[in-house]
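I have placed the structure first, in the form of structure tokens, so that the comments after it can refer back to it.
Protein chains in written order, with this note's numbering: chain A, 11 to 506; chain B, -3 to 327.
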């Protein structure tokens, strides 16, 4: 089977300013396999991929492509040699169409003399998308697409290069089950054709369902490679975190109290006639496909977007919420889906980011902020949530994703909310940080906080919620208790 | 041992970054004072300070607006218009208090208009304030029939040449404004909110900050700074010139950015703005003293701005690297 190996990484090392990011790691990928790469954030996965793609220089080690040592100077070299990569962050030009994006910088085949034939390009794009089974208009602007659709366009672009190796960096993090099914189908097709796929992910169930083999990395070291048929979730988790994690989801013993939030006939852009209640100590799970209107409802309730009609009652009183400021004033808090866009303030420190919603507490005469009081409170919260930062005056962007998310959670807990809305709170966060966030959510519910958890990860919904709602096409279509809920039941209602 | 060294280099680098304008200024002054003995005379130094008062106060407002993630390109023509308006009022015998208050009120109102148009119609402040600048210029020329207004009363000239004790009044006013702005932007809750708007307006809104209101206040305060700057400039020239203020917004951009407040917003260095103004004036002044052609002075100014922002970018990168190394050695 030796000649079947297409890409081999041997003893690859890389250090940043004296600190080892990769310590003699290996990876061996065969033709026609889906090879999963897993590890916590900071395990060195991205660094290794960036070196393979020629984005970073290695210190030591070898990369063999079809048995030949290679040293790409830039991603363009790697693409020319048949390796392409789908990045986690969308790297499409929003003002250009789907077709223009897919063939960007590779328009030679559509040339009509000095001009690009838009028609030919559109045709080629349609054919490509049809082949993949993606229903997206080739002429649409990328800015008109949903995040999930854009991710599929990225996939189409990677495939259109006819690459022999495709690296996918967490391609499913913003996809719902429907698009994941498309992605997996495309991956299986590619595997049939002998393409090697390196699949980076955090989701273990998903990995086991699609991959042939999996390589695990931890703290810059190579831990081992397993055949997916011969391993299971618990084994992988203990390989990833280096200890056995018996239960990812905490047991929650919360007592349900009085109604905190009641929503009556709420309608707005992307959702209609939504009514539900949340009680003290309750974790309400909102399940459904991406685009079903879950985030839109939450944004409407929190005053981020305008609502068309309907009533919101808090503690039995009708309330007017026209902006997030109103919602915060009423004791609500919301961790938004998109951390970079609507969560962190990039130019601010950890301290400034965490105290911003509660600044009036630390403001003395003449509106001057009492930095000492502020620092004490922030420090307390950082300890409580075990936010790992060298100090609170570091830029928030210098923290890992999981720690940024904990800091944002801390920002809201400082306001002592009675209702906490969490929209995809664990997206793109490693297993360790996830478990910590779950424990924290459980603790808050036990203390009597009403919590709404919007999530596309079914196990998360099932593991955390006390009641589950399912949304489909903007409607609330199903409600059940945690004991009744199963993956199949929720999936059936989500797909309709 | 290495840990301690890393800590020191971070602090040192941070100090350089926070004070790079001052460091460039000191080097520049050192070189110039070697070349000519005319520079370090009491008269010349006092002149330099008096010349920057108006542009510094103007730049203070500009600092706030940039830090909040917006821009106000109308400040130059707004200053010219307020200068003419207040000069007209004062030569027609309107009492000093009323004229001074009107300068502030007109400035605040113009700022309000800028904010109103950008906020209500959700337009880019760059183009709105550019267009409003043209409007202010037109109003300016209509009011004075394109003629300068001379014969200002003594109280008005006090804004340019008055002294309180040994200290010229405009310099005192400027320093008070610098101190006020430093406290406002760097110490108060409003300042935090404005910087949060500059860093990420959407996230700031989600945090519960009334971002719309903050932007209104930012523009109004900027307008008030313009009003005060108009009094200072008109008082110093002892007459309201029709062309006063034209192009000053570009000097503002230069001094604010040299001072360390980035165009992208979210960060601020109010004291740096004062240093930036000083640096630009010192360049003109010293090249004058050395008898350099004024066209060369423009080239020199442009070059200094480029050098300052290159230093800013490279310095930030280096600082990040030092920080990363520090965190990693601690971990």
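Ideal Cβ placement from N, Cα and C applies to all residues, glycine included.
Owing to the predicted nature of the structure, the values given are computational and were not obtained by experimental measurement.
Any chance you could list the alpha helix (DSSP H) runs of at least 4 consecutive residues sitting entirely within the stretch 19 to 93 of chain B, in chain order?
Counting whole runs of 4 or more residues, the stretch 19 to 93 of chain B contains the alpha helix (DSSP H) stretches 38 to 63, 71 to 87.
Report buried or exposed for residue 457 (chain A), applying the criterion of at least 16 other Cβ atoms within 10 angstroms of its Cβ.
Taking the first residue of the first chain as position 1, residue 457 (chain A) is located at position 447. Under this definition residue 457 (chain A) is an exposed residue.
Distance, Cα to Cα, residue 27 (chain B) vs residue 127 (chain B)?
Residue numbering aside, residue 27 (chain B) sits at position 31 when the second chain is read from its first letter. Residue numbering aside, residue 127 (chain B) sits at position 131 when the second chain is read from its first letter. In a straight line, the C-alpha of residue 27 (chain B) is about 42 Å away from that of residue 127 (chain B).
Check whether chain A comes within 8 Å of residue 319 (chain B), counting only Cβ atoms and requiring the distance to be less than that.
Locating residue 319 (chain B) in the second chain gives position 323, where the first residue counts as 1. Chain A, which has a Cβ nearer than 8 Å to the Cβ of residue 319 (chain B), makes this yes.
Are the C-beta of residue 81 (chain A) and some C-beta of chain B separated by less than 8 Å?
In the first chain, residue 81 (chain A) corresponds to position 71, counting from 1. No, residue 81 (chain A) lies away from the interface with chain B (no Cβ there is under 8 Å from its Cβ).
By alpha-carbon positions, which one of A:371, A:265, A:23, A:418 ends up nearest to residue 349 (chain A)?
Working through the first chain from its first residue, we reach residue 349 (chain A) at position 339. Answer by Cα proximity: A:418.
Could you tell me which whole alpha helix (DSSP H) segments of length 4 or greater appear in the stretch 89 to 146 of chain A?
Secondary structure remark: continuous alpha helix (DSSP H) runs of at least 4 residues inside the stretch 89 to 146 of chain A, in chain order: 108 to 112, 128 to 142.
Give the single residue among A:24, A:42, A:40 whose Cα lies nearest to the Cα of residue 34 (chain A).
Numbered from its first residue, the first chain carries residue 34 (chain A) at position 24. Taking only the C-alpha atoms, the option nearest residue 34 (chain A) is A:24.
Where residue 138 (chain B) falls, given that 16 or more other Cβ within 10 Å makes a residue buried:
For the purposes of this step, residue 138 (chain B) is taken as the residue at position 142 of the second chain. Exposed is the call here.
Could you tell me whether any Cβ in chain A is nearer than 8 Å to the Cβ of residue -1 (chain B)?
Looking up residue -1 (chain B) in the second chain gives position 3. For residue -1 (chain B), the predicted model reports a pLDDT of 43, less than 50, meaning its position is unreliable and no value from the coordinates is stated.
Find the residues of chain A that neighbour residue 61 (chain B), judging by a C-beta separation of less than 7 Å, and give them in chain order.
Taking the first residue of the second chain as 1, we reach residue 61 (chain B) at position 65. Neighbours of residue 61 (chain B) on chain A: none; closest Cβ ~16 Å, over 7 Å.
By Cβ distance, which residues of its chain are closer than 6 Å to residue 74 (chain A), with the 5 residues on each side in sequence left out?
For the purposes of this step, residue 74 (chain A) is taken as residue 64 along the first chain, with counting starting at 1. Taking C-beta separations shorter than 6 Å and ignoring five residues to either side along the sequence, the partners of residue 74 (chain A) in its chain run 18, following chain order.
Looking at chain B, is there any beta carbon in it that lies within less than 8 Å of the beta carbon of residue 69 (chain A)?
Here residue 69 (chain A) refers to the residue found at position 59 of the first chain. Not one beta carbon of chain B lies nearer than 8 Å to the beta carbon of residue 69 (chain A).
Any C-beta of chain B sitting closer than 8 Å to the C-beta of residue 92 (chain A)?
Position 82 of the first chain holds residue 92 (chain A). False, the Cβ-Cβ gap to chain B never drops below 8 Å.
Per DSSP, residue 9 (chain A) is paired with what?
Since the first residue shown for chain A is 11 and the last is 506, residue 9 (chain A) is missing from the structure and cannot be characterised.
Are residue 76 (chain B) and residue 242 (chain B) closer than 8 Å when you measure CB to CB?
Here residue 76 (chain B) refers to the residue found at position 80 when the second chain is read from its first residue. Here residue 242 (chain B) refers to the residue found at position 246 when the second chain is read from its first residue. Yes; because the gap between Cβ atoms is below 8 Å, this pair is in contact.
Tell me where the beta strand (DSSP E) around residue 45 (chain A) begins and ends.
Translated into the one-based positions of the first chain, residue 45 (chain A) becomes position 35. 44 to 48 is the extent of the beta strand (DSSP E) around residue 45 (chain A).
Under DSSP, the beta strand (DSSP E) around residue 71 (chain A) begins and ends at which residues?
The residue you call residue 71 (chain A) lines up with position 61 of the first chain. For residue 71 (chain A), the uninterrupted beta strand (DSSP E) run begins and ends at 70 to 75, by DSSP.
Do residue 466 (chain A) and residue 492 (chain A) count as a contact pair if the criterion is CB distance below 8 Å?
The count along the first chain starts at 1 and reaches residue 492 (chain A) at position 482. The count along the first chain starts at 1 and reaches residue 466 (chain A) at position 456. Cβ distance not < 8 Å, so residue 492 (chain A) and residue 466 (chain A) don't count as in contact.
Would you mind reading off the limits of the alpha helix (DSSP H) that contains residue 389 (chain A)?
The residue you call residue 389 (chain A) lines up with position 379 of the first chain. 381 to 394 is the extent of the alpha helix (DSSP H) around residue 389 (chain A).
Please tell me whether residue 203 (chain B) has its Cβ less than 8 Å away from any Cβ of chain A.
As a working note, residue 203 (chain B) is residue 207 in the second chain. Yes, residue 203 (chain B) counts as interfacial toward chain A.
Distance between beta carbons of residue 318 (chain B) and residue 297 (chain B), contact taken as under 8 Å
As a working note, residue 297 (chain B) is residue 301 in the second chain. As a working note, residue 318 (chain B) is residue 322 in the second chain. Incorrect: roughly 31 Å between the Cβ atoms, too far for contact.
Roughly how many whole angstroms lie between the Cα atoms of residue 249 (chain B) and residue 69 (chain A)?
Taking the second chain and counting its residues from 1, one reaches residue 249 (chain B) at position 253. Taking the first chain and counting its residues from 1, one reaches residue 69 (chain A) at position 59. Going from the Cα of residue 249 (chain B) to the Cα of residue 69 (chain A) covers about 43 Å.
Between residue 23 (chain A) and chain B, is any beta-carbon pair separated by less than 8 Å?
If you number the first chain from 1, residue 23 (chain A) lands on position 13. No, because no Cβ of chain B sits closer than 8 Å to the Cβ of residue 23 (chain A).
Within the continuous alpha helix (DSSP H) that includes residue 360 (chain A), where are the two ends?
Your numbering for residue 360 (chain A) matches position 350 in the first chain. Here the alpha helix (DSSP H) through residue 360 (chain A) covers 360 to 365.
Less than 8 Å between the beta carbons of residue 295 (chain A) and residue 482 (chain A), yes or no?
Within the first chain, residue 295 (chain A) is the residue found at index 285, counting from 1. Within the first chain, residue 482 (chain A) is the residue found at index 472, counting from 1. Taking a C-beta distance under 8 Å as the contact criterion, residue 295 (chain A) and residue 482 (chain A) do not qualify as a contact pair.
Quick check: is the beta carbon of residue 507 (chain A) nearer than 8 Å to any beta carbon in chain B?
Because chain A in this structure spans residues 11 to 506, residue 507 (chain A) falls outside the shown range and cannot be described.
Taking only runs that begin and end inside the stretch 397 to 481 of chain A, name each unbroken alpha helix (DSSP H) of 4 or more residues, in chain order.
Those alpha helix (DSSP H) runs which fall completely within the stretch 397 to 481 of chain A and span 4+ residues are 411 to 423, 441 to 456, 468 to 474.
If residue 62 (chain B) sits next to residue 252 (chain B), beta carbons under 8 Å apart, how far is it from one beta carbon to the other, in whole angstroms?
Reading the second chain from its first residue, position 66 is the one you call residue 62 (chain B). Reading the second chain from its first residue, position 256 is the one you call residue 252 (chain B). Separation of the CB atoms of residue 62 (chain B) and residue 252 (chain B) is rounded to 6 Å, and the pair is thereby assigned contact status at 8 Å.
Residue 33 (chain A) by DSSP, collapsed to three states: which one?
Start at 1 with the first residue of the first chain, and residue 33 (chain A) comes out as number 23. Three-state DSSP puts residue 33 (chain A) in a strand.
So, using beta-carbon positions, are residue 149 (chain A) and residue 107 (chain A) closer together than 8 Å?
As a working note, residue 149 (chain A) is residue 139 in the first chain. As a working note, residue 107 (chain A) is residue 97 in the first chain. For residue 149 (chain A) and residue 107 (chain A), yes; Cβs fall inside 8 Å.
Contained beta strand (DSSP E) runs [length at least 3] in the stretch 310 to 350 of chain A, N- to C-terminal order:
As summarised for the stretch 310 to 350 of chain A, the continuous beta strand (DSSP E) elements at least 3 residues long and confined to that stretch are 317 to 324, 327 to 329, 342 to 345, given in chain order.
Which of the three DSSP states, helix, strand or coil, is assigned to residue 226 (chain A)?
The residue given as residue 226 (chain A) occupies position 216 in the first chain. Reduced to three states, the DSSP call for residue 226 (chain A) is strand.
What are the start and end residues of the alpha helix (DSSP H) that includes residue 193 (chain B)?
The residue labelled residue 193 (chain B) in the question sits at position 197 within the second chain. 185 to 195 is the extent of the alpha helix (DSSP H) around residue 193 (chain B).
If we call anything under 8 Å between Cβ atoms a contact, is residue 425 (chain A) one with residue 367 (chain A)?
As a position in the first chain, residue 425 (chain A) is number 415, starting the count at 1. As a position in the first chain, residue 367 (chain A) is number 357, starting the count at 1. Residue 367 (chain A) is positioned such that its CB atom lies closer than 8 Å to that of residue 425 (chain A).
Let me know the secondary structure DSSP gives residue 11 (chain A) once reduced to three states.
Numbered from 1 along the first chain, position 1 holds the residue referred to as residue 11 (chain A). Low local confidence applies: a pLDDT of 44 at residue 11 (chain A) is under 50, so the model's placement there is unreliable, with the coordinate-based value given in what follows. DSSP places residue 11 (chain A) outside both helix and strand once states are collapsed to three, so it counts as coil.
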